[in-house]
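Number of protein chains: 2
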Amino acid sequence: MVSDYFLDNNDAITPNNIFNFVTIIKSYKMNNKIAHLFNIQYPIIQGGMIWCSGWELASAVSNAGGLGLIGSGSMYPDTLRDQIKKCKMATNKPFGVNVPLLYPDIHKHIEVIISEGVKIVFTSAGNPNTWTKTLKDNDIKVVHVVSNSKFAKKAEDAGVDAIVAEGFEAGGHNGREETTTLCLIPLIKKIASIPIIAAGGIGTGRAMLAMEALGADGVQIGSRFVASEEASANINFKNCVINSKEGDTKLMLKQLTPVRLLKNNFFDAVQDAENKGVSIPELTLLLGKGRAKKGMFLGDLDEGELEIGQVAALIKEIKSAKEIVDEIILEYKQAKEELLSSNR
Amino acid sequence: MVSDYFLDNNDAITPNNIFNFVTIIKSYKMNNKIAHLFNIQYPIIQGGMIWCSGWELASAVSNAGGLGLIGSGSMYPDTLRDQIKKCKMATNKPFGVNVPLLYPDIHKHIEVIISEGVKIVFTSAGNPNTWTKTLKDNDIKVVHVVSNSKFAKKAEDAGVDAIVAEGFEAGGHNGREETTTLCLIPLIKKIASIPIIAAGGIGTGRAMLAMEALGADGVQIGSRFVASEEASANINFKNCVINSKEGDTKLMLKQLTPVRLLKNNFFDAVQDAENKGVSIPELTLLLGKGRAKKGMFLGDLDEGELEIGQVAALIKEIKSAKEIVDEIILEYKQAKEELLSSNR
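This is how it looks when you write it as structure tokens:
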């Protein structure tokens, strides 16, 4: 076993051991399940986020060797079609679309996706049984986002190709059980036989390596790509993300749908209401309509809803998607080398 | 660089490369900061937990190659002295005491620790400035438990030797910012120059490896050791832990001191009260006195306070401390070997 060399026999470097080493090294092949599934270079998925991930970001991430996703949840069907067409012009690499299954015009989105020949769809927020077969019948790879192992099992049974397991620290909509990424990955790994993409709290190469150590096959990264040049997020929101500090996000609106928000005036109003124990209709009224667009797309930092993950506190610069991917991969490689040279 | 061999040059196994490899391998030395700091075999600390970690558990973990901690928070000073004496009889390996600094008779605890010649103290829940100097002056290694980087900095400035960085998923008392272990470690690593021990959500070798990948120097494990033969927890509580499922714990009593609890009758009563928005005095009255002892030590699973981490959902068997340590190390080694052989 390789670890024997590192962990027990520090001084046992013999010709025979070297021979064994070389045999092991020669057997190493690029064999990452997620990279293979999507035919991409790195198992890095850019999360499909409302108001932040249009064709510019998706194509830039795909061109950089990851998998870019268009976030369709904030788009009308015609907008989605336009975005897909532009993405196809901007990259010849694989890209995908994220579809929240609770979207009111979901069948129109599915029709656009199929007719435009998109080959990868990430579904979230809904029942994976409803559309997986239709998508698979159209030669589309399907991945479903879950926050617990019960829904992971349901997604696998529905026939999806992989699962995104998203923990409590993730931005935006989130699970009710509040299971963190560190606890969620091994729980889902216990019951799932398909590849697992870890999400929530991942914005660096070290976190990517940590997820691989836990047993995930790839990572989905959202917040880090919000603060990218190509994200369609308003520059005010991007600046807000890079200036945010530890403890500046919190999971709110748990009685409606839990969502991780950055602190601002709107956040404070929700917190006050929740501390007073207001009713669900009152909370719904407070939330109103269009808050997410107002905050993330139009840049109203006071009254808008600002969805971002805990990892925002680690993000200090707006960079291009390619710089972000390259930086993650470089840190990943360096951290792996460091881990290899450590000896416990 | 080592990673070049694994990541880019699959087929480039030349005599020169082999020579470089051997040089690198020969330079590997046992150089873990935490193992070195405490003079232990593995950088695994057993969390000092009220009602669960007396001398039997602490000495068993230390004898197994980790660092056992007596949890003094649930002990009178005389009990603590007796526990330390018994621990010294049961092991000749290093062990320590965890001291919550808000303990009312804290000066008596400190006196017992110094007079009994304990050489390692983990402090938590309080100001690290108050006792660190006294302890250090008595040749005691001091580690402080924190849940954010502000307190990590404060602890380092107070002169502690290492920091335990404990995330949202941890059992028992917890930080207000709800930062998860995955996000907390890199945040603290940015500001701390002393060694970091990761805590919260860690019960397996893979999680230990993931924390090393993130940059932690060691791990503190609590929940996994509650379900050990040597833990002083009531057998009812131990059985409750191994039968608990995903989503069965939640961070409660946030208006008092946030604490992660296992769901039971008492939990439901707290949840009802919190949903109604009751006042802090009403919550304090509901909590009452002695709930933790009632639940964890006396085994009243209905009305007792059951403190455990999210990772409980992964724990399925009560084992000896030695079996637990051995299992973690075996999984750690296997996962490290697997990671080494992967190629992204």
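Top line first, the protein sequences correspond to chains A and B.
Mapping of the first sequence onto the working numbering: residues 1 to 344, in sequence order.
Mapping of the second sequence onto the working numbering: residues 1001 to 1344, in sequence order.
Ideal placement from N, C-alpha and C gives every residue a C-beta, glycine not left out.
Return the residues of the stretch 264-276 of chain A that lie within a Cβ-Cβ distance of less than 9 Å from chain B, sorted by chain order. E274, N275 and K276
Cα-Cα separation between A/I24 and B/Q1334, rounded to whole angstroms: Start at 1 with the first residue of the first sequence, and residue 24 of chain A comes out as number 24. Start at 1 with the first residue of the second sequence, and residue 1334 of chain B comes out as number 334. With a pLDDT of only 40 at A/I24, under 50, the local geometry of the prediction cannot be trusted, and the value read off the model is given with reservation. Roughly 15 Å between the two C-alpha positions.
Counting only beta-carbon separations shorter than 8 Å, does A/T180 have a partner in chain B? Counting from one through the first sequence, the residue named residue 180 of chain A turns up at place 180. With 8 Å as the cut-off, A/T180 counts as an interface residue toward chain B.
Report all residues from its chain with a CB closer than 8 Å to the CB of A/I110; omit the five preceding and five following residues, and keep chain order. Translated into the one-based positions of the first sequence, residue 110 of chain A becomes position 110. Excluding sequence neighbours, A/I110 sits near V99, W131, T134 and L135.
Quick one: grab the DSSP three-state call for A/L209. Counted from its first residue, the first sequence places residue 209 of chain A at position 209. If DSSP states are grouped into helix, strand and coil, A/L209 belongs with the helices.
What does A/P104 pair with, by DSSP beta-bridge criteria? Your numbering for residue 104 of chain A matches position 104 in the first sequence. Answer is none; A/P104 lacks a bridge partner.
Would you verify that the beta carbon of A/E177 is, or is not, closer than 8 Å to some beta carbon of chain B? Taking the first residue of the first sequence as 1, we reach residue 177 of chain A at position 177. Closer than 8 Å to some Cβ of chain B, the Cβ of A/E177 qualifies, so yes.
Please classify A/G172: is it buried, with 16 or more other beta-carbons within 10 angstroms of its beta-carbon, or exposed? As a first step, residue 172 of chain A is located in the first sequence; it is residue number 172 there, counting from the start. Buried.
When you compare the CB of B/L1067 with every CB in chain A, is at least one pair closer than 8 Å? In the second sequence, residue 1067 of chain B corresponds to position 67, counting from 1. So no, B/L1067 is outside the interface.
Option in A/E307, A/F237, A/N239 and A/N236 with minimal Cα separation from A/P258: Here residue 258 of chain A refers to the residue found at position 258 of the first sequence. Taking only the C-alpha atoms, the option nearest A/P258 is A/E307.
Simplified DSSP assignment, three categories, for A/T123: On the first sequence, residue 123 of chain A is found 123 positions in, with the first residue counted as 1. A/T123: strand per DSSP, three-state reduction.
Distance check for A/P195 and A/F122, CA to CA, integer angstroms please. For the purposes of this step, residue 122 of chain A is taken as residue 122 along the first sequence, with counting starting at 1. For the purposes of this step, residue 195 of chain A is taken as residue 195 along the first sequence, with counting starting at 1. Taking the straight line joining both Cα atoms gives about 14 Å.
Kindly confirm or deny that the stretch 282-297 of chain A and the stretch 179-195 of chain A touch, where touching means at least three C-beta pairs closer than 8 Å. Contact between the stretch 282-297 of chain A and the stretch 179-195 of chain A is not established, with fewer than three Cβ pairs separated by less than 8 Å.
Residues of chain A with a CB under 7 Å from the CB of B/D1250: which are they? Translated into positions along the second sequence, residue 1250 of chain B becomes position 250. In the sequence on display, residue 1250 of chain B carries Lys and not Asp. Within chain A, the residues near B/K1250 are E178.
Round the Cβ separation of B/I1040 and B/P1077 to the nearest angstrom and send it over; I've been treating them as touching at under 8 Å. Counting from one through the second sequence, the residue named residue 1040 of chain B turns up at place 40. Counting from one through the second sequence, the residue named residue 1077 of chain B turns up at place 77. Between B/P1077 and B/I1040 the Cβ distance is about 27 Å, and since that is not below 8 Å, they are no contact.
Across which residues does DSSP place A/F95 in a beta bridge pair? On the first sequence, residue 95 of chain A is found 95 positions in, with the first residue counted as 1. Secondary-structure assignment with DSSP links A/F95 through a beta bridge to A/G68.
Classification of A/I235 by the beta-carbon crowding that lies within 10 angstroms, buried from 16 upward: The residue given as residue 235 of chain A occupies position 235 in the first sequence. Counting Cβ neighbours within 10 Å, A/I235 comes out exposed, since fewer than 16 surround it.
Ordered along the chain, which non-local residues of its own chain (more than five positions away) have a Cβ less than 8 Å from that of B/V1382? For residue 1382 of chain B there is no data in the structure shown, the boundaries of chain B being 1001 and 1344.
Please classify B/L1256 as buried or exposed, where buried requires at least 16 other C-beta atoms within 10 Å of its C-beta. The residue you call residue 1256 of chain B lines up with position 256 of the second sequence. Classification for B/L1256: exposed.
Using the beta-carbon count (16 or more within 10 Å), is A/H144 buried or exposed? Your numbering for residue 144 of chain A matches position 144 in the first sequence. A/H144 should be labelled buried.
Name, please, each residue of chain A whose Cβ falls closer than 7 Å to the Cβ of B/Q1310. Numbered from its first residue, the second sequence carries residue 1310 of chain B at position 310. Chain order gives the chain A residues near B/Q1310 as T179, T180 and C183, where near means a beta carbon separation below 7 Å.
CA nearest to the CA of A/A227, picked from A/K316, A/G299, A/L214 and A/E338: The residue given as residue 227 of chain A occupies position 227 in the first sequence. Comparing alpha-carbon positions, the option among A/K316, A/G299, A/L214 and A/E338 lying closest to A/A227 turns out to be A/K316.
Have a look at B/S1053 and A/L251 and give me their C-alpha separation to the nearest angstrom. Reading the second sequence from its first residue, position 53 is the one you call residue 1053 of chain B. Reading the first sequence from its first residue, position 251 is the one you call residue 251 of chain A. Distance between the alpha carbons of B/S1053 and A/L251: 33 Å.
Let me make sure I understand the geometry here. Which of A/V311, A/K289 and A/L314 has the alpha-carbon closest to that of A/E303? Here residue 303 of chain A refers to the residue found at position 303 of the first sequence. Cα-wise, what sits closest to A/E303 is A/K289.
So, is A/G73 buried or exposed, given that buried needs 16 or more other C-beta atoms within 10 angstroms? Residue numbering aside, residue 73 of chain A sits at position 73 when the first sequence is read from its first letter. Flag for A/G73 reads buried.
If you run the structure through DSSP and keep just helix, strand and coil, what is A/V22? Counting from one through the first sequence, the residue named residue 22 of chain A turns up at place 22. For A/V22, the pLDDT reaches just 44, beneath the cut-off of 50, and the residue's location in the model is therefore unreliable, leaving the point undetermined.
Can the beta-carbon of B/A1312 be found less than 8 Å from the beta-carbon of B/S1223? The residue labelled residue 1312 of chain B in the question sits at position 312 within the second sequence. The residue labelled residue 1223 of chain B in the question sits at position 223 within the second sequence. A contact, by the Cβ cut-off of 8 Å.
If the cut is a Cβ gap below 7 Å, which residues of chain A does B/G1054 touch? Sequence index remark: in the second sequence, residue 1054 of chain B carries index 54 (1-based). By Cβ distance, chain A contributes nothing, its closest Cβ being about 27 Å from B/G1054, past 7 Å.
Identify every residue that forms a DSSP beta bridge with B/Q1083. As a working mapping, residue 1083 of chain B is identified with position 83 in the second sequence. None; B/Q1083 has no bridge partner.
With respect to the alpha helix (DSSP H) encompassing A/A198, which residues constitute its N-terminal and C-terminal limits? Position 198 of the first sequence, counted from the first residue, corresponds to residue 198 of chain A. Taken as a continuous stretch (DSSP letters only), A/A198 belongs to no alpha helix (DSSP H), being part of the beta strand (DSSP E) at I196 to A199.
List the residues that DSSP assigns as beta-bridge partners of A/G172. Here residue 172 of chain A corresponds to residue number 172 of the first sequence, with the count starting at 1. Paired residues: A/R260.
If we cut at 8 Å on Cβ distances, does A/R206 have a partner in chain B? The residue you call residue 206 of chain A lines up with position 206 of the first sequence. Yes, its Cβ sits closer than 8 Å to a Cβ of chain B.
Is A/R349 buried or exposed, if buried means 16 or more other CB atoms sit within 10 Å of its CB? In the structure as shown, chain A begins at 1 and stops at 344. Residue 349 of chain A is therefore absent and cannot be evaluated.
Nearest-angstrom Cα separation, counted from B/A1233 out to B/I961: Residue 961 of chain B lies beyond the range of chain B shown here (1001 to 1344); nothing can be said about it.
Positions along the stretch 274-301 of chain A whose CB lies within less than 9 Å of some CB in chain B: E274, N275, K276, G277 and V278
Does any residue of chain B bring its CB to less than 8 Å from the CB of A/G171? The count along the first sequence starts at 1 and reaches residue 171 of chain A at position 171. Output row for A/G171: interface = no.
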